[in-house]
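Student:
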Amino acid sequence: MNTTLPMLRDFSDHFSPIVVKELRQGLRTRFFTSALILFHTFIILLLVSVTYGAPLEAVNGIFWGIAGFMLLAVMPLRGFAALHTEATDGTLDMLTLTSIASFRILYGKWVALYSQALLVAGSILPYMVARYFFGGVEILQEVVALVMLALGSGVITAALLAFSSQGPLLLRIFLALCIGAGAVPLGFFTAFLVSASQADSLVREFFALDLWEQCSLIGGILALVVYAVYYFLALGASRIAPPSENHSTLKRLIALAVHGALMVTGLLLCFLNTDPRVAFWAFIPLMFLTLIVCMDVLTEEMPRYPTAVVALARRGRFGRLAGRLLYPGWASGVMFSAVMCGMALVILAGITWKSSSVDWDTGPFPHFLCLFLAVFVPVILCINRTNIFANWWVVQLCSVFLGILLSMFCHTMNARDLGVLGIFTPITSLFGVECVNYSRRGSVMFLGCMFSAVWLLVAMLRAASNFSTYTTLEREELELAGQEPSSHS
Amino acid sequence: MDRSQPAVVVEDLHRTFGNLKAVNGVSFSIDHGRVVGFVGANGAGKTTTMRIMATLDSPGSGKVSMGGHNVVHHPAKVRRLLGWMPDSFGTYEHMTVLEYLDFYARALGFKGADRLRRIQEVMDFTDLTPLADRMSNKMSKGQTQRLCLGRALLHDPQILILDEPAAGLDPKARVELKNLIRILAQEGKTILISSHILSELGEMCDSLLFIDKGRIVHHGDAESMVRGTETAGETLVNVQIAGEPAKLIEWALTAPLIKVEEETKRGARLRIQAADDATLAGVLRRMIQDGLPVLDYHREERRLEDAFIDMLGQIDKNTFKAQQPGELPQKNAEAAKL
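Chains H and S are the protein sequences, given in the same order.
Take any residue in the first sequence, note its place counting from 1, add 489, and you have its number in the numbering used here.
Take any residue in the second sequence, note its place counting from 1, add 2, and you have its number in the numbering used here.
1) How big is the Cα-Cα spacing for Val-718/H and Leu-711/H?
2) Checking 9 Å against the spacing of the C-beta atoms, do Asp-689/H and Glu-627/H come in under that value?
3) Taking 9 Å as the CB-CB cut-off, is Pro-167/S touching chain H?
4) Run through DSSP, which three-state label would Trp-849/H get?
5) Between the alpha carbons of Leu-660/H and Val-28/S, how many angstroms are there, rounded?
6) Taking 8 Å as the cut-off, does the CB of Asn-549/H come closer than this to any heavy atom belonging to the ligand FMN?
7) For the putative contact between Leu-194/S and Ile-163/S, defined by C-beta atoms under 8 Å, what is the C-beta separation to the nearest angstrom?
8) Three or more C-beta pairs closer than 8 Å, one from the segment 759 to 774 of chain H and one from the segment 835 to 847 of chain H: is that the case here?
9) With a threshold of 6 Å on Cβ separation, who are the neighbours of Phe-623/H within its own chain once the five nearest residues in sequence on each side are excluded?
10) How would you list, in chain order, the residues of chain H whose beta-carbon sits under 9 Å from the beta-carbon of Ser-197/S?
11) Out of curiosity, what's the CA-to-CA distance linking Gly-931/H and His-900/H?
12) What does the Cβ neighbour count give for Pro-657/H, buried or exposed, with the cut at 16 atoms within 10 Å?
13) What is the DSSP secondary structure of Ile-32/S, counted as helix, strand or coil?
14) Just to check my reading of the structure: Ala-730/H and Leu-595/H have Cβ atoms closer than 8 Å, yes? What is that Cβ distance to the nearest angstrom?
15) Bridge partners of Trp-86/S, per DSSP?
16) In chain H, which residues lie with their C-beta within 9 Å of the C-beta of Leu-194/S?
17) Residues of chain H with CB closer than 9 Å to the CB of Arg-81/S, please, in chain order.
18) Leaving out five residues before and five after Phe-569/H in sequence, what residues of the same chain have Cβ atoms less than 7 Å from its Cβ?
19) What does the alpha-carbon distance come out to for the pair Lys-267/S and Ala-134/S?
20) Less than 9 Å between the C-beta atoms of Ser-918/H and Cys-938/H, yes or no?
21) Using alpha carbons as the reference points, say which of Leu-203/S, Leu-294/S, Thr-281/S lies closest to Glu-246/S.
22) Quick check: the segment 138 to 145 of chain S against the segment 68 to 82 of chain S, are at least 3 beta-carbon pairs closer than 8 Å?
23) At a Cβ threshold of 9 Å, is Arg-17/S touching chain H?
24) Can you tell me which of the three DSSP states Asn-139/S falls into?
25) Let me know if Phe-760/H comes out buried or exposed under the rule of 16 or more other beta-carbons within 10 Å of its beta-carbon.
26) I'd like to know whether the C-beta of Val-11/S is nearer than 9 Å to at least one C-beta of chain H.
27) Do Val-786/H and Arg-741/H have their beta-carbon atoms positioned less than 9 Å apart in this structure?
28) When you compare the CB positions of His-341/S and Gln-188/S, do they come within less than 9 Å of one another, or not?
29) I want to verify the contact list: residues of chain S whose CB lies under 7 Å from the CB of Tyr-794/H, in sequence order.
30) Would DSSP call Leu-870/H helix, strand or coil?
31) Tell me which residues share the same chain as Gly-921/H and place their Cβ nearer than 7 Å to its Cβ, disregarding the 5 neighbours each side in the sequence.
32) From the DSSP secondary-structure annotation, give me the bridge partner or partners of Val-1056/H.
33) Quick one: is Ser-976/H near chain S, going by C-beta distance under 9 Å?
34) Within 10 Å of its beta-carbon, does Lys-113/S have 16 or more other beta-carbons around it, so buried, or fewer, so exposed?
35) Let me see if you follow: with CB-CB separation under 9 Å, is Glu-101/S close to chain H or not?
36) Measure the alpha-carbon distance for Ala-904/H versus Ala-827/H and round it to whole angstroms.
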């Protein structure tokens, strides 16, 4: 040996290699250090401005505006091109050849990025105490707001990481904007929490709940955040994994369990409360999660290798039947999405059935039915043949664009009845219904739902015709099992 | 690893990208401890074949086994046996050479003192120890290639796939790399190495695999390659004269049995339609008698590059012939028996 190398003792062996790598790199990047220094400089200047008589309410608003921007935008955006860069640099291949699974790669990257976001969140605490000293601050509400921002940052980071596996820059920018739009409600909620005059009642309501209700609420929110993070990371992992691997079955099983639990919660809230609309608290997160899951499973490539079906193919007829829901690929994804949408709609049906103020014709049920059925349209319409994931988004965008055009046409031409033309696709039917006269909305909505259901039926037929791929792979897998009885034991 | 079977077996491998047939029925096998050169023009299908062998891409059809393990059914087992060095790869920003190797050693499951020992061995072998604290993305191409080779060797793989390892290297770095590969070959590792520099491959490799348009067109050693495509009864002679080479060209154009192959800076490469020493000596005598100031006259050893190009020309001709009505296309399996 020439010389003795220094032992690298900065991270223990217990850390995941990816976390170690990302932290070593991440903490040295100019982006992180300069963003952190700028953030603190700005906050210090802001606090100094209070001593010069700046209004506290304005300072609070700016303080939380900057903190929210830092945690919901700046820190997560570091994951914007994480996987794409690894792929183009050729380093992703080298990672694949190690024993690190695709999910561990995503998870490691997320842990590293999120821990840096938490570092920023933690560094806000002293300023919160300082502002408490100046007065006009409800510390409990501020802590809750900070926790909400930190949780939101985790989900947004996971989502950006997952979509960073996509090659086209425009698609990634569009998806980042979508995620940003999703973060806006969280920003408003934080603003609401920290404006003491309005949030008092919310905090009082929370403390008026029983202890088990408080724990359930907090536990439920945390569980949803953990699930959302998991799902996004699993989504990204399935996009970078070699095609011979199956990253879909476990993801779908977990989705079934979580969505099932949310559905039961929603039904309990609906039927155990005097006001069934309370169940919307379960329906709204379930709706978002359902749309994400459907987008994911409907854009999976069909498997080409028997190793992708090994988990269920050897479990007899029942296993192979379950495979039609759980195998990777868009064909099983159509069936799985139908089940997922059905679970979400059950809550809505319960609310509509029990509530006297919500009707079946023009209430939320047919609207959300159309929204859910819209996810199946790209299975049939193919604009971008090479990228099934991009195709899904392009078709949805085109539908929205057509819907907007229809609305504009109806309103400018003062021909509201022409809104009926929108019934041919689920999204345009939602726009069309808003155009027609109120008295005709029920019948137009009904027609829209019927036509939307046709899209689902055609998608299911197309999926069923592609089940032969699974049958072939199952046969190959069983033949392989016969040849190599000990290889999978 | 079962050493009674070949280390690498590729059978009727196909891979298409859209309408492009990148690999079109490739078949070959490599025994343990052999160093095989993989030669072909850009886009011939070398990298695609190597990526499939390295479990980084999947075959459209056909079978690939590494160390007896199918790359599709048992990718994890294949990866444990395999060291992969891609043609182009990025290093990480803000990471030193030592940290880079430490990361991959962790990823490969090395722990504690074992990890440091293995990194030390690899860094000593690739002569990277003096560069331990250098940022991995701030190194020369040669140093980066050595780092990549070091990474590929961390888990002491028995099979190495090196895709264009010498591309873009200066002569010194190329010699260093060649020496490292020679040592690895002496250690009994099976090495598949692709390169454009055929002469170097000829020196390093036990045999060569030539691929063209997704098909193996030759599998054998460099000598058989040169002999196989050599035109019988012809000799290439390199001649240099004092003064203008035009005089030599003029003379050659009028001389019997001689064709000008290529004009060089101080003379020409001549193709003489004879291979016996007496005729070649007679040509030199005539040059001098005709007043040409000959400075250098030597028989040129046939270059591997020329042999390869000639062979590709022959294959194109055969393919053209095969496309005539009533004839079947030449099968790849037959071509691989060349």
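We treat Cβ as the ideally placed atom computed from N, Cα and C, and that holds for glycine.
Tutor: In terms of the structure at hand:
1) The alpha-carbon atoms of Val-718/H and Leu-711/H are separated by roughly 11 Å.
2) Contact check for Asp-689/H against Glu-627/H passes: the beta carbons are separated by less than 9 Å.
3) It does not: the Cβ of Pro-167/S has no partner Cβ on chain H nearer than 9 Å.
4) Here Trp-849/H sits in coil by DSSP.
5) Approximately 37 Å between the Cα atoms of the pair.
6) The ligand FMN is not part of the structure shown, which contains no ligands of any sort.
7) About 5 Å separates the beta carbon of Leu-194/S from that of Ile-163/S, a gap short enough to meet the 8 Å contact definition.
8) With the rule of 3 Cβ pairs closer than 8 Å, the segment 759 to 774 of chain H counts as touching the segment 835 to 847 of chain H.
9) Answer for Phe-623/H: Val-539, listed in chain order.
10) Those within 9 Å of Ser-197/S in chain H number zero; the least Cβ separation is about 18 Å.
11) Approximately 20 Å between the Cα atoms of the pair.
12) Within 10 angstroms of the beta-carbon of Pro-657/H lie fewer than 16 other beta-carbons, which makes it exposed.
13) Here Ile-32/S sits in strand by DSSP.
14) Not quite, the Cβ-Cβ distance comes to about 10 Å (not below 8 Å), so this is no contact.
15) Note: Trp-86/S sits in a beta bridge opposite Ile-163/S.
16) Within chain H, no residue comes near Leu-194/S; the closest Cβ sits about 15 Å away, beyond 9 Å.
17) Proximity of chain H to Arg-81/S at the Cβ level (cut-off 9 Å) is accounted for by Thr-585, Leu-586, Thr-587, Ser-588, in chain order.
18) Cβ within range, chain order: Leu-649, Ser-653, Arg-661, Ala-665.
19) Cα to Cα, the separation comes out at about 46 Å.
20) The beta carbons of Ser-918/H and Cys-938/H sit closer together than 9 Å.
21) When Leu-203/S, Leu-294/S, Thr-281/S are compared, the shortest CA-CA separation from Glu-246/S is found for Leu-294/S.
22) Verdict: no, contact absent.
23) Arg-17/S does not count as touching chain H.
24) If DSSP states are grouped into helix, strand and coil, Asn-139/S belongs with coil.
25) Exposed, since its Cβ has fewer than 16 Cβ neighbours within 10 Å.
26) It does not; no Cβ of chain H falls within 9 Å.
27) Yes. Within cutoff.
28) Only positions 3 to 340 of chain S appear in this structure, which leaves residue 341/S out of reach.
29) Result: Ser-60, Val-74.
30) When DSSP states are grouped into helix, strand and coil, Leu-870/H belongs to the coil group.
31) Within the same chain, Gly-921/H has close Cβ partners Leu-895, Gly-908, Val-909, Leu-910, Gly-911, Ile-912, Val-933, Gly-937.
32) Here chain H comprises residues numbered 490 to 978, so residue 1056/H is not present and cannot be evaluated.
33) For Ser-976/H, the predicted model reports a pLDDT of 42, less than 50, meaning its position is unreliable; a value from the coordinates is still stated below. Cβ-Cβ to chain S under 9 Å: yes for Ser-976/H.
34) Burial state of Lys-113/S is exposed, judged by a 10 Å Cβ sphere holding fewer than 16 other Cβ atoms.
35) Chain H has a Cβ within less than 9 Å of the Cβ of Glu-101/S.
36) Counting only the Cα atoms, Ala-827/H lies some 35 Å from Ala-904/H.
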